[in-house]
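Note that the sequence shown covers residues 0 to 1076 in numbering that gives the first Met the number 0. All remarks here apply to the structure that follows.
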Amino acid sequence: MVPETGVAGDDGREPVGTAPREEHADGRDVPPRTGAPAGPAEHLVLAARGVGYREEGWFFTGRKEVLGRIVAWLEADDPGLFLVTGPPGCGKSAVLGRIATLTDPVQRRETVAHACLREDDPDPGLRPGRSLASVHLRGLSPLRAASELARQLGLPEPRDTDDFRGGLRELSPRPVLVLDGLDEVPAEHLRPMTEELVLPLGRTIPVLLSSRDGAFRGRPAADRHEGETLPDALARLIGAGATAAGLEREPRTREDIGEYVFRRCAAAGVPEEPAREAGDAVATRATAVGGGFMFARLVTGSLRAGAGSLQAGTGPLSAGTGSSRAGTGPLPAGTSSLRAGTGSLPTGAGDAHDGQWPAGPPDSDEGERRAAVPPAREAVEIWRELVARHPAVFQPLLAGALRDLAARLSATGDHEGALAPAREAARLSARLATQHPEAFQPDLARSLTSLADMTAAAGDPAAAVLFAREAVRIQRELAGARPKASLPGLAAMLNNLAMHLDSTGEPGAALLHSEEGTGIYRRLAAEDPGVFLPEFATALNNLGTARASSGDISGAVSAGREAVAIRRTLAARQPAVFRQDLATALTNLAAHLNTAGEPAAGLRASKEGVVLHRELAERQPSLRSALASSLSTLAQNLADTGSRKEAPAPAAESVRLLRRLVDEHGSTHLPDLAHSLQSLSRHLGVNQDDEGAVSAAREAVAAYRTLALENPGAFERALVSALADLARALVRTDDRASAIWQFDEAVAEFAPAHPATARRLGVERSIFLLDCPAPQASIGVRELVSFLDGGSAPEGGADVVTVRARRALRACGDPEAVRAVWEEVTLAPAPAWLALSPQTLTLVSSWMFAPNWPQSRDVWSRNAEVLGSEEAATALEELALLDLRTALRHAALREAVLIHGVTAAYDPPILAEQLAEWVDCGTWAESRAFLQDHPRILQVQPPEATPLAHVAVLDVARTEGLDAAYRLVEDRDALQTYVDRALAAGDGNALMHAAAVEGQVFDDKLSSLTHAQAGMVLSGAVEGVEPNDLATLLPRAREEIRARLLREICALSVQHAHPHGETWIRIVQALSGNGAA
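Written as structure tokens, this is what we have:
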């Protein structure tokens, strides 16, 4: 959607497309120009390369007969239509895209550079002086199609289609127009598209058109003959100028598909013979179904998810495969709050951006997502068959296909069905990683990330966190060894872990990982903005939500503004790709601004987001849910800027959109509908429409009950909130009895299957009674006391229900009555927590959850008297119900401060935190500057998990100074000089330091392991020396490195022969290539 005239972007710049708009005869306004350079439509460019949305590669193959006919037709240079027909997925767009890209100078250079224009390929040439414009007609009206063609041809914005045709008459020589997908034009625009554009243009200029013929049989024009095919109809209406070619009659289709699959396999690193077998297997199945090329592309899409190990350059699979390449693609967005409303987040990235499997472009609808499942199943079966013949080659591809199938099943809402392939992929990847860790650890990290996503979607967020943590641990090790290749994957997996932590109620931990992941993306985007800027913007968008969840509203606004600024720039360059992301970022920023007390700025961003989403949803019905979300945000922004009477209208529109989506697609959109109904109820209540508020709230509760019965972990909190809203709405209608009945019914429904949820709902019922007249209020107090005295806390984790019950009793208006009931029911004195003041609890909470240790120390210094009191100890016990580990740590810290003083107690955690920050510095220059600013880090004994290169820098800095220490990590020659000194002195500890730097900084694995083993021998720790490990690294090292190391160890073995002479001999034998005995 394009924003309304005069609405400025909140980042201080004009929104995309804020030029004045014109409304024309067809009742639709035309999007203003974005300034994007003319060129073939992105859809056609991708099709011409034989790849899908955000895939990499150049694999176009075959279709030579129809291409040859088109080339001859273009050379004749006569007006007329050339219609390419065929079933869905047979390659119509690819054929039109091939013509469009080969006649475009920029795209042609790319095609030639990637060896995708072969000697015998039909070639239209550049056609100097002749222009060509292309458009994908999907979702377009005639005027919008004309506007896009006019933009590419450099014509003024047309007022209507007649104006566009008039502009064409002024061009000399006449252009060629490429119109792809006549069958994808909306039904209401099909006839005017044909009569106002296709037919008139075909009579005056060359028009290359594609369409399924069968799509038109059921809705002929008024003058169309019954049973007439589309080619016949066009020939009759235009005359002799209509030519048709059906791709279903293209010869050698099976061979072409086999060659296409072979090229994709070869690009993924599959050896030639197995790649040929894969091509034959896929082609055999592809030609048995309609749309063979689309089938083949979807099946081979799993290559991206499994090819990382083939391209790792290690292990048995890489032998003889030559150079490799990596692909990109997005993972399907998750559904937790950190991801809600965001664009595609690449959570599964592994080495060099590899391993992200696509769920389809932003405009893929429910039908397309479901249609992608059968090819994904076929891919799994094909790779299973090939695994039996070539297990070493095709096992990683099978793992990738299983991940792909899991993602596609999950995208259709079949989250339970997605679990089985995700688990199998993880088991297979784990087995491969055990056998060949260096080659397959990246695959394992990707599989665990996929399994985390599928597990969370199936309703087990706690298990999802465990899988995501393990994926991050593995990827962090990979990033330490190969930062350039693995840092993108680490950033993506950190953001994924943050999402899962947020969904389990750990916003603090989620924020830490989100900050780290975003920081990595910031550095990557600075180095390579073309690749990483979109992902950096997505990470910022998620970071804003994470900061908001943790209470850092100003930080959320800052991240949101930066995300909007980046996406605004990207949308100006590639509107078809990034306008949706911009709309999402604007909607999220609007919510943050509203919370930050800037409702007017939030309203501007919200309006712009709605306008963008509305326009996008008109073309892409699958984006109606995003439009509904932005309308809900707009309603809240209106309410908070004083326009409360205007808020129900967008809120009601959101509900209507989502109701239709639920009717069309089942429960996939039910969570969004429930949320929108709850919001609508609140807006109606504020506007004194109590009956309407009750009705919407009842529907929201019913939806959340359905959802929570299936997945209580994901929807229990929302159900509690919706029930509370319904109860308040019923109270406003003076119907407390119905409100109590709603709680009772919910408790009874959940008690058999989900007792933990019933427990929480029962407490919420008792809390509701506290605000009721007597005798219900007294009953509520008694019920809460009985609940707390029963000690029915859940096993492990935070007990939010107990916290809610205690808080409600403390807030009760008659504390003496509560105390009396407690003593009567429990026959014991009232506990100290019952008298805990909210001010102390808030202060202790802010101290306990301070962002870092220096700020924690500052909070203590300002409030030492209160934090040192017994009431503060009671508050820590209360907060332990939510976060036991943090509470216990702060209880110990409190005791240390009271005994030893602030400085002595705080020094260890502050220095440990500074050490961790120092280790996380992105470059060695930043590391040096940080250590200069924090010299007390040199006093710290680093923990075992500290990277050994950093340990070496600290040790050398202590003895030789910062300059000497940082020369080791910045200058390979200086490091070798340090090695030579250590060898001459027989200093095993120094050799161990050098080994760490060689391996972790300079990626010299053989020198690192050799010097580490030599250092262990010199130190007497020979039991850990394994010379055979050197033999596996020997073939990958340069000859001069092997020779140098052999000389060094031979000299050491002479100087320090006693008492480990045999071990020295084994090391020398391993380095000489003779093996270790």
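Ideal Cβ placement from N, Cα and C applies to all residues, glycine included.
Asked, Found
"Are the CB atoms of Leu510 and Asp551 nearer to each other than 9 Å?", "yes"
"Output yes or no for whether 9 Å exceeds the beta carbon distance between Arg759 and Val700.", "no"
"Hey, out of Ala508, Ala425, Ala432, whose CA is closest to Asn851's CA?", "Ala508"
"If we ignore side chains and look at the alpha-carbon of each, how far apart do Glu74 and Pro123 end up?", "8 Å"
"Flag this pair as touching only if the segment 239–246 and the segment 87–106 have three or more C-beta atom pairs under 8 Å; answer yes or no.", "yes"
"Pro174 and Leu152: beta carbons closer than 9 Å?", "yes"
"Determine whether the beta carbon atoms of Asp403 and Ala378 lie at a separation below 9 Å.", "yes"
"How would you call Thr160, buried or exposed, if buried means at least 16 neighbouring beta carbons within 10 angstroms?", "buried"
"Is it buried or exposed for Val105, if we count other Cβ within 10 angstroms and need 16 for buried?", "exposed"
"Are Ala538 and Ser513 touching if we call contact CB-CB under 9 Å?", "yes"
"Report yes if the CB atom of Pro1034 is closer than 9 Å to the CB atom of Ile1066, and no otherwise.", "no"
"Which of helix, strand or coil does DSSP assign to Phe81?", "strand"
"With distances taken Cα to Cα, identify the nearest neighbour of Gly641 among Leu676, Ala849, His682.", "His682"
"Mapping the DSSP letters down to three states, classify His1059 as helix, strand or coil.", "coil"
"Distance, Cα to Cα, Gly458 vs Glu469?", "19 Å"
"For Val464, which option in His499, Pro436, Asn494, Gly479 has the closest C-alpha, if you only look at C-alpha atoms?", "His499"
"If distances are taken between C-alpha atoms only, which option among Gly779, Thr839, Leu787, Glu822 comes closest to Cys811?", "Gly779"
"Note the first and the last residue of the continuous alpha helix (DSSP H) segment covering Leu1045.", "1038–1054"
"Curious, which full-length alpha helix (DSSP H) runs of at least 4 residues does the segment 401–464 contain?", "414–434, 436–456"
"Pick out whichever of Val955, Leu1044, Leu947 has its Cα sitting closest to the Cα of Glu476.", "Leu947"
"So, helix, strand or coil for His753, using DSSP?", "coil"
"Pick out whichever of Glu698, Arg253, Val563, Val197 has its Cα sitting closest to the Cα of Leu178.", "Val197"
"Per DSSP, Thr517 forms a beta bridge with which residues?", "Answer is none; Thr517 lacks a bridge partner."
"Looking only at C-alpha atoms, which of Leu657, Leu542, Asp932 sits nearest to Thr667?", "Leu657"
"Tell me whether the beta-carbon of Ser605 lies closer than 9 Å to the beta-carbon of Ala650.", "no"
"From Ala112 to Asp979, what does the alpha carbon distance come to, in whole angstroms?", "47 Å"
"Helix or strand or just coil, what does DSSP make of His135?", "strand"
"For Thr1031, tell me which candidate among Leu990, Gln999, Ala1069, Ala1011 has the shortest Cα-Cα distance.", "Ala1069"
"Per DSSP, what kind of secondary structure is Ser209 in: helix, strand or coil?", "strand"
"Report the option in Val50, Trp846, Phe466 whose CA atom is closest to the CA atom of Phe294.", "Val50"
"If we require 4 or more residues per run, which alpha helix (DSSP H) segments fall completely within the segment 81–114?", "91–101, 104–112"
"So Leu835 is in the alpha helix (DSSP H); what residue range does that whole segment cover?", "First-last for Leu835: undefined, no H or E at that position."
"Measure from the alpha carbon of His591 to the alpha carbon of each residue in Gly554, Leu914, Ala616, Ala285, then state which is nearest.", "Gly554"
"Whose CA, out of Leu142, Ala461, Arg521, lies closest to the CA of Thr503?", "Ala461"
"CB-CB under 6 Å to Glu652, same chain, minus the five flanking residues each way: which ones, in chain order?", "Leu630"
"Given this structure, state the Cα-to-Cα distance separating Glu690 from Leu722, to the nearest angstrom.", "16 Å"
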